[in-house]
Amino acid sequence: MLPRFIQKMHNRLKRNLWQLPHAAVPAPFRTEAKRDANLAGEIAAYEKSAGLAHGAGSLPLRTLLRIEQLLPAREISSAETGCGKSTIFFSRISKKHRVFCLDDRDAGPSSSVRYFMNCPATRIGAVEVVYGPTQSTLPAFKAHDPYDMVLIDGPHGFPFPELEYYFFYPHLRTDGLLVLDDIHIPTIGRLADFIAEDSMFEMIERIGATAIFRRTGAPVFDPFGDGWWLQNFNRRRADFNKDVHLKDGGRRKPFSFEGRF
Ligand SMILES: C[S@@+](CC[C@H](N)C(=O)[O-])C[C@H]1O[C@@H](n2cnc3c(N)ncnc32)[C@H](O)[C@@H]1O
């Protein structure tokens, strides 16, 4: 056991180095996956050869490592929408990892599917891919298992992440994690705010634009009923004088993404 002040200095250094790419962090300060000590190194090596991300952008390795630290200690089953580096990662730490994504293999080097399929670190036998837009595959899919981790990172336009949330939330185990990426997008941020206040979840961490929620033991909200008045987000804001809750978003000119989107 190291003296306390050395332990503190070590932890502080580790925190300061957290933003760096895994390979740039000196070995004693690197975080490793608890379930697979070689995984981070293998992905870091792949990032060097294939690039940090595919065309659609990837979760940073450090975010994936943090998610792994927060997972329940049992053997896990997981699912995600969209694919890429996260697929490589979860193929190695999950018994079974189900992926709902577009088949973009004809997109050449920017393909997300090729990014995980071509990676030697991917445990392809653990991955089940359901190809197609989640807007049509998720409503039709009936063979969900109870999941210990669900990552929502497929289509980002409104209301698609909400639709995905609807089809996944009844299948999350108590203590399981729900990970919502890109909460800097206003509509996804609003979904994160809703989930953070809901009795089925507690928000346990935010890493950059990624929010991590843990499923509580609260009963599953009836997916076929109504019950808006039972949801904390509504209970906190509803005004029974019938004041209308619309924020004027029209005051500011839409942001210009010229050249990017
Ligand atoms: C931001 S990327 C996912 C990044 C991935 N989590 C990683 O760590 O590399 C978004 C993914 O969603 C996929 N996608 C976009 N629209 C989709 C849709 N309607 N249905 C399914 N997947 C979709 C894209 O092809 C891409 O693979």
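Under this note's numbering, residue 261 is the last one in the sequence shown; the count climbs by one each step, no gaps. Note that CB positions come from ideal geometry on N, CA and C, so glycine has one too.
Could you check the C-alpha separation between residue i and residue j for me, to the nearest Å?
i, j, result
"R215", "A196", "11 Å"
"R92", "K85", "11 Å"
"L61", "F255", "30 Å"
"F233", "P28", "44 Å"
"D198", "W228", "11 Å"
"A53", "Y166", "28 Å"
"R235", "N118", "48 Å"
"E162", "D239", "24 Å"
"L64", "F90", "9 Å"
"D103", "K242", "46 Å"
"L230", "R237", "12 Å"
"A211", "R66", "11 Å"
"L172", "L178", "8 Å"
"R74", "A45", "28 Å"
"P133", "L2", "52 Å"
"A23", "G41", "7 Å"
"F158", "F194", "14 Å"
"F160", "L138", "11 Å"
"A79", "Q7", "36 Å"
"P72", "S94", "12 Å"
"V220", "P146", "13 Å"
If I follow the unbroken alpha helix (DSSP H) through residue i, where does it start and stop?
i, result
"M203", "Element bounds for M203: not the alpha helix (DSSP H) but the beta strand (DSSP E), 201-207."
"L102", "That residue, L102, is in no alpha helix (DSSP H); it is neither H nor E in DSSP."
"F233", "232-237"
"R114", "112-117"
"D36", "Taken as a continuous stretch (DSSP letters only), D36 belongs to no alpha helix (DSSP H), as it is neither H nor E."
"S136", "134-140"
"K85", "85-93"
"D193", "186-197"
Around the C-beta of residue i, are 16 or more other C-beta atoms found within 10 angstroms, so that it is buried, or is it exposed?
i, result
"T174", "exposed"
"D182", "buried"
"D153", "buried"
"F257", "exposed"
"F5", "exposed"
"G82", "buried"
"E164", "buried"
"F168", "buried"
"H10", "exposed"
"S136", "exposed"
"F201", "buried"
"H97", "buried"
"R114", "buried"
"S49", "exposed"
"S77", "buried"
"A140", "exposed"
Assuming residue i is part of the beta strand (DSSP E), what are its boundary residues?
i, result
"S78", "76-81"
"V130", "127-131"
"G108", "Where G108 is concerned, there is no enclosing beta strand (DSSP E), given that its DSSP letter is neither H nor E."
"R215", "210-215"
"R173", "172-181"
"L151", "147-152"
Considering only the beta carbon of each residue, do residue i and residue j sit closer than 8 Å?
i, j, result
"E26", "E47", "The sequence shown places Pro at residue 26, rather than the Glu named in the question. No; because the gap between Cβ atoms is not below 8 Å, this pair is not in contact."
"G275", "D148", "Outside the displayed span of the chain (1 to 261) sits residue 275, for which this structure offers no information."
"V150", "V129", "no"
"A56", "I88", "no"
For residue i, would you say it is in contact with chain C, using Cβ-to-Cβ distances shorter than 8 Å as the test?
i, result
"R74", "In summary, chain C is missing from the structure at hand, where a single protein chain is found."
Using C-beta distances below 6 Å, list every residue in its chain close to residue i, excluding the 5 sequence neighbours before and after it, in chain order.
i, result
"S58", "G84, K85"
"A218", "S199, M200"
"T187", "F158"
Here's a check: name, in chain order, each residue in its chain whose Cβ is nearer than 7 Å to the Cβ of residue i, leaving out the five neighbours to either side.
i, result
"H144", "H171"
"G189", "I183"
"K34", "E68, Q69"
"M203", "A196, A211, F213"
Please go through the same chain and pick out, in chain order, the residues whose beta-carbon is closer than 8 Å to the beta-carbon of residue i, but skip the five residues on each side of it.
i, result
"Y131", "C101, L102, D103, T137"
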